[in-house]
Ligand code: PDD
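Numbering (our numbering), first residue to last: 70 to 353.
Here you go:
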């Protein structure tokens with residue numbers, strides 16, 4: 070069951086006019102929110118990032134936070150799994166094709182769907198994943214969670230074509246930004262290194278959780294630019310996202326990362342993440 074413009078319906082019944090600016094221009098923004106035990110994880114933070122994305126594309130938020138909580142709660146209740154991930158999507162609405170914003174403004178299109186959220190498979194946790202690197206050829210507003218994801222789609226497919234799971238993005242032949250659909254951490258000498266949240270990467274909600282967990286457990290970390298050389302010289306590489314939680318990257322461009330198996334920082338952060346999730350989300 071999905072939500073579309075004020076109504077709940079089976080996804081097969083959901084229809085969007087072809088002149089929707091999301092379809093024509095990719096003119097919209099989205100959020101992906103994990104749900105554990107039927108509770109949306111970090112809802113306030115996701116809604117704050119949604120507002121940032123909407124401000125970035127100059128589109129008014131169609132709902133208050135309380136209204137969003139109501140809609141998302143209803144979608145969660147109407148779907149089967151206890152653990153889900155919500156996909157929330159807002160476009161600038163339906164209008165005659167013209168690059169400029171419709172004037173007078175039209176109603177935005179608001180869509181929410183839910184899918185079951187599987188915990189990453191045990192084999193992924195024990196072996197880690199392989200990744201490739203590529204030039205980050207995206208625009209300069211990667212902090213906006215825009216639905217126009219063509220660069221990310223092409224970059225992710227490079228990984229798939231190489232038999233890998235993610236593409237690590239390098240800006241200007243110089244420094245790490247993030248993954249095609251994830252944030253990336255480097256581990257060196259027992260410390261976590263994280264790229265700074267600027268216009269060149271999506272401010273990940275899972276990224277923030279990682280740094281909070283590190284702070285709470287006295288795990289040293291530094292937030293700063295990370296050079297390509299540091300990426301290839303890493304003891305460990307970690308990937309985070311709402312749907313994949315935290316995973317170890319054990320091979321990069323066909324070469325082993327560290328010992329080529331998930332290392333001690335991964336083990337620790339993964340365990341702490343699970344504990345955090347359990348305490349925050351599953352406690353009655
Ligand atoms: N993507 N960077 C990019 C480019 C992303 O697309 C994502 C997540 C992240 C991680 O952000 P978060 O921790 O808030 O999920 C970083 C989602 C999962 C997606 O597009 O499906």
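The C-beta atom is built at its ideal place from N, Cα and C for all residues, glycine as well.
Closer than 7 Å to a non-hydrogen atom of ligand 1 - does that hold for the CB of residue i?
i: residue 217; result: no
i: residue 232; result: no
i: residue 314; result: no
i: residue 323; result: no
i: residue 275; result: yes
i: residue 101; result: yes
i: residue 183; result: no
i: residue 268; result: no
Given that a residue counts as buried once 16 or more other Cβ atoms are within 10 Å of its Cβ, and exposed if not, what is residue i?
i: residue 214; result: buried
i: residue 82; result: exposed
i: residue 88; result: exposed
i: residue 353; result: The pLDDT assigned to residue 353 is 46, lower than 50, so where the model puts this residue is not dependable; a value taken from the coordinates is nonetheless given after this. Residue 353 is exposed by the Cβ-count criterion.
i: residue 314; result: buried
i: residue 118; result: buried
i: residue 116; result: buried
For the beta strand (DSSP E) that contains residue i, what are its first and last residues?
i: residue 310; result: 305-310
i: residue 257; result: 252-257
i: residue 330; result: Residue 330 -> no beta strand (DSSP E), and no H or E assigned at all.
i: residue 158; result: 153-160
i: residue 314; result: 314-321
i: residue 199; result: 198-204
i: residue 31; result: This structure gives no information on residue 31, because the portion of the chain shown stretches from 70 to 353.
Please name the residue, chosen from the options, that lies closest to residue i on a Cα-to-Cα basis.
i: residue 127; options: 160, 153 and 146; result: 160
i: residue 210; options: 270, 140, 132 and 296; result: 270
i: residue 355; options: 322, 72 and 308; result: With the chain represented from 70 up to 353, any question about residue 355 goes unanswered, as that position is not in the structure.
i: residue 108; options: 228, 151, 279 and 132; result: 151
i: residue 162; options: 258, 92 and 188; result: 92
i: residue 205; options: 246, 124 and 282; result: 246
i: residue 262; options: 268, 250 and 277; result: 277
i: residue 154; options: 323, 177, 176 and 110; result: 110
What are the start and end residues of the alpha helix (DSSP H) that includes residue i?
i: residue 144; result: 134-146
i: residue 296; result: Premise fails: residue 296 is in no alpha helix (DSSP H) and is neither H nor E.
Answer yes if the region 329-349 comes into contact with the region 118-138, meaning at least three C-beta pairs across the two stretches below 8 Å, and no otherwise. no
Are there three or more Cβ pairs, one per stretch, closer than 8 Å when the region 279-299 is compared with the region 162-178? no
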